[in-house]
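Engineer:
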Amino acid sequence: MQRFILSKKNAITLISAILIVLGFFGRFGLDNMVIFNWSLIIASILGVAPIAIQAYQALKVKVVSIDVLVTIAVVGAVLIQNYEESAIVTFLFLFGSYLEQRTLNKTRSAIKELTELAPESALKQMENGEFEEVDVDDVDEDDILLVKTGAKVPVDGTVLIGEGHINEASITGESVPVGKKVGSEVFAGTILENGTIQIRADRVGEDTTFGRIIELVEEAQDSKSEAERFIDRFSKYYTPAVLILGFIVWLFSRDVELAITILVLGCPGALVIGVPVSNVAGIGNGARNGVLLKGSEVINDFSRVDTIVFDKTGTLTVGNPEVAEKEFYGNNTEEVLGYLASVERESDHPLAKAVLQDIGETTFSTVEDTEVVKGGGVVAKVYGHRIAVGNVALMEKENVELSEKAKKDVERFEKNGNSLVLTAVDGELKVLMGIRDQIRPGVKKDLQHLKKLGVKNLVVLSGDNQGTVDLVARELGLTEAHGHMLPEGKSAYIEEMQAKGQIIAFVGDGVNDSPSLALADIGIAMGSGTDVAIETSDVVLMNSDFSRLPHALGLTKSTSNNMKQNIFIAVGVVLILLASLLFSEWMNMSIGMLVHELSILVVILNGMRLLRYRLRR
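Start counting the sequence shown at 1; every next residue gets the next number (the UniProt record's numbering).
#1: From phenylalanine 95 to threonine 317, what distance separates their C-alpha atoms?
#2: Give the straight-line distance between the Cα atoms of isoleucine 600 and valine 539, rounded to the nearest whole angstrom.
#3: By the DSSP assignment, the beta strand (DSSP E) with aspartate 311 in it spans what residues?
#4: State the start and end residues of the unbroken beta strand (DSSP E) segment that holds threonine 423.
#5: Along the chain, where does the beta strand (DSSP E) that runs through aspartate 156 open and close?
#6: Any idea what DSSP makes of glutamine 438, helix, strand or coil?
#7: Around the C-beta of phenylalanine 583, are 16 or more other C-beta atoms found within 10 angstroms, so that it is buried, or is it exposed?
#8: Entirely within the region 341-375 and at least 3 residues each: give me those beta strand (DSSP E) ranges in chain order.
#9: Name, in chain order, the residues that DSSP records as bridge partners for glutamate 327.
#10: Check for me: the alpha helix (DSSP H) holding glutamate 495 runs from which residue to which?
#11: Rounding to the nearest angstrom, what Cα-Cα distance links glutamate 335 and glycine 314 in this structure?
#12: Going by CA-CA distance only, name the one from Gln57, Glu398, Ala354, Thr307 that's closest to isoleucine 524.
#13: What is the rounded straight-line gap between the Cα of valine 431 and the Cα of threonine 208?
#14: Can you tell me where the beta strand (DSSP E) holding glutamine 198 begins and where it ends?
#15: Would you report the Cα separation of threonine 13 and valine 74, rounded to the nearest angstrom?
#16: CB arginine 203 to CB leucine 160, shorter than 8 angstroms?
#17: So what does DSSP say about phenylalanine 546, is it helix, strand or coil?
#18: Assuming contact is defined by CB atoms lying nearer than 8 angstroms, are isoleucine 494 and valine 280 in contact in what I supplied?
#19: Determine which residues share a DSSP beta bridge with alanine 49 and list them.
#20: What residue from Ser547, Ile503, Trp586 has the CA that sits closest to phenylalanine 449's CA?
#21: Just to confirm the assignment, what range does the beta strand (DSSP E) spanning asparagine 457 have?
#22: Measuring CA to CA, which of Val155, Val249, Pro240, Gly377 is closest to glutamate 206?
#23: Leaving out five residues on either side along the sequence, give the residues of the same chain with a beta carbon under 8 angstroms from the beta carbon of alanine 492.
#24: Which same chain residues end up closer than 6 angstroms to leucine 271 when comparing Cβ atoms and leaving out the 5 residues on each side of it in sequence?
#25: If you draw a straight line from the C-alpha of alanine 52 to the C-alpha of asparagine 37, how long is it?
#26: Please list the terminal residues of the continuous alpha helix (DSSP H) segment that includes isoleucine 23.
#27: Reducing DSSP to helix, strand and coil, say where glutamate 124 ends up.
#28: Under three-state DSSP, which class holds asparagine 279?
#29: Let me know if threonine 559 comes out buried or exposed under the rule of 16 or more other beta-carbons within 10 Å of its beta-carbon.
#30: Going by other Cβ atoms of all chains shown within 10 Å of its Cβ, with 16 needed for buried, is valine 34 buried or exposed?
#31: State the Cα-Cα distance for the pair phenylalanine 328 and isoleucine 435, rounded to the nearest angstrom.
#32: Is the distance from the Cβ of leucine 461 to the Cβ of aspartate 311 below 8 angstroms?
#33: State the CB to CB distance for the pair valine 379 and alanine 388, rounded to an integer number of angstroms; the pair is presumed to be in contact (CB under 8 angstroms).
#34: If contacts are defined as beta-carbon pairs under 8 angstroms, then lysine 381 and glutamate 368 qualify, I think. What distance do you get, rounded to the angstrom?
#35: Got a sec? Which residues, its chain only, sit under 7 angstroms from aspartate 67 by beta carbon, not counting five neighbours each side?
#36: Pop quiz: leucine 478 and leucine 453 are said to be a contact at Cβ under 8 angstroms. What is the actual Cβ separation, rounded to whole angstroms?
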């Protein structure tokens, strides 16, 4: 029965609201006190039921919670036939609880999502030399496995035969697929975008890098115990104090009505609704502005953050490689770009896609005698011209002489963190392109706003090469930059900073970020990131709009301050009411209730100010 009543709290809250409205309509609209009294009596009985059950459960574990005080106050109000106060107090308490739980009750399906992303089968070489599909659990170390285009790599291993490009975003967060050849290391859960390889299994099952990611998420989530709400901590002292005060007054005065009045006036109506209304108004403002804040704990912790750690790819950068710089040598540029586009159109390499996107609409030509040069690029013929597209090594192999200007351009492009694509026609360099992941527009200004809001340290952690990471850090004015970092490295860094007393927020968007998102004091996911990253996080920036981050931080600071203001108002009013009741002649039940209800209105209006919050730029 208790479980059933508690499961229907929301329905009870709605029914109580309807009954209260019906009661006041009966009194002021129909001038019928019978409807007024019975509507509020039923609302009081219904409303106090789940609260009383919670109070009973708290007392069973020797905790005098706020539910205990609310229950006694409501019963007292009913005994002195103040049905209006008893009905309103129960409704406010239940509605406040509903608002709080609506934001805090989130399903954390990170482990389930990660498990679904893990490879389930593998093509294993049997004793007869043939490859057969087996369950990934049947793969042992040193087994030989075949991975085809589009398939997931089932284990951590080493390439024995073949080559291809693997998307390692699930492990490193790197947006550009990595070329693999004999001797290269591959990771479970990554995807072979093109090519066919045979690998030797080095680590299987939970020992793989992907398996360790899952383990890190589990450990990080287990280490995050929910902090007690401030109201509950306060009620440990407040509730017994009011009960004792009421008992002492009855003991000395033998005035039951006075003692019950103390409990009614001491009932923290404004305190109960004050924190949830600030919380919900702040969350409502965030949702309206593309920020999902998952509960009051998140708001409190986020408002105190002094260090923000960023993943690079898809967070500080757009996540799609683009042509960032280019130089042309010689004439017939449009014709050369047409040759280049024709050759690149036959490749599915991510750099080729970036080149095609940059060139845009052009006239394609027939490509003949295409030759893929391992580790270099592509050589082909177009209208009898020999077209070489690739890196500097390919140019050297093709005996393409680079002028002093071209050499300086290559050095400059590399220094800027670009991947190079050179195009030569009949042995002469014609085009140099530098391709890199572009920094999100406006990120530098957003980071400056974060500093103005009190963030002391801005750090980037990435699986990219250190040169690229350093470039991003210099451009954006970050405090620290660390490259070549796998998920466990990021988690270890966060733990190290937390041990030094820093309050850490981590911003990321990939599966590889999930352990760090869960481990950080505040995990912030970009909205276009993976489901697991979003589920593991505490804050979500919808549509991956980085400019929402300063607004989110400013909003949480304002919301946290607003909550404290409401607590001060609520407690202050209760103390004034009780003091006036005990030490003055003019305080009575009617005036006390009026002030009590006004205090509730004040904290609600104060909380609603958050709906109009805008970050001052």
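Glycine included, C-beta positions come from ideal geometry on N, C-alpha and C.
Structural biologist: Reading it off the structure:
#1: Spanning the two alpha carbons is a distance of roughly 42 angstroms.
#2: 29 angstroms
#3: 307-311
#4: It spans 419-425 - the beta strand (DSSP E) in which threonine 423 sits, taken as one unbroken run.
#5: Here the beta strand (DSSP E) through aspartate 156 covers 156-167.
#6: strand
#7: exposed
#8: 367-373
#9: Glutamate 327 pairs with Leu432.
#10: 487-499
#11: 34 angstroms
#12: Thr307
#13: 42 angstroms
#14: Judged by DSSP secondary structure, glutamine 198 falls within the beta strand (DSSP E) whose first and last residues are 191-203.
#15: 15 angstroms
#16: no
#17: Here phenylalanine 546 sits in coil by DSSP.
#18: No, the pair does not count as a contact, with Cβ atoms beyond the cut-off.
#19: Answer is none; alanine 49 lacks a bridge partner.
#20: The amino acid at residue 449 is misidentified as phenylalanine; the sequence shows histidine. Here the closest residue by C-alpha is Ser547.
#21: 457-461
#22: Val155
#23: none
#24: Ala570
#25: 21 angstroms
#26: According to the sequence as given, residue 23 is glycine; it is not isoleucine. Looking at the DSSP string, the run of the alpha helix (DSSP H) that includes glycine 23 is 9-24.
#27: Checking the displayed sequence, the identity of residue 124 turns out to be lysine instead of glutamate. Strand.
#28: helix
#29: Buried, by the Cβ-count rule.
#30: It counts as exposed.
#31: C-alpha separation (whole angstroms): 15 angstroms.
#32: yes
#33: 5 angstroms
#34: 5 angstroms
#35: Once the five neighbours on either side are set aside, the close Cβ partners of aspartate 67 are Ile51, Gln54, Ala55, Ala58.
#36: Actually they do not touch by this definition, with Cβ atoms about 16 angstroms apart.
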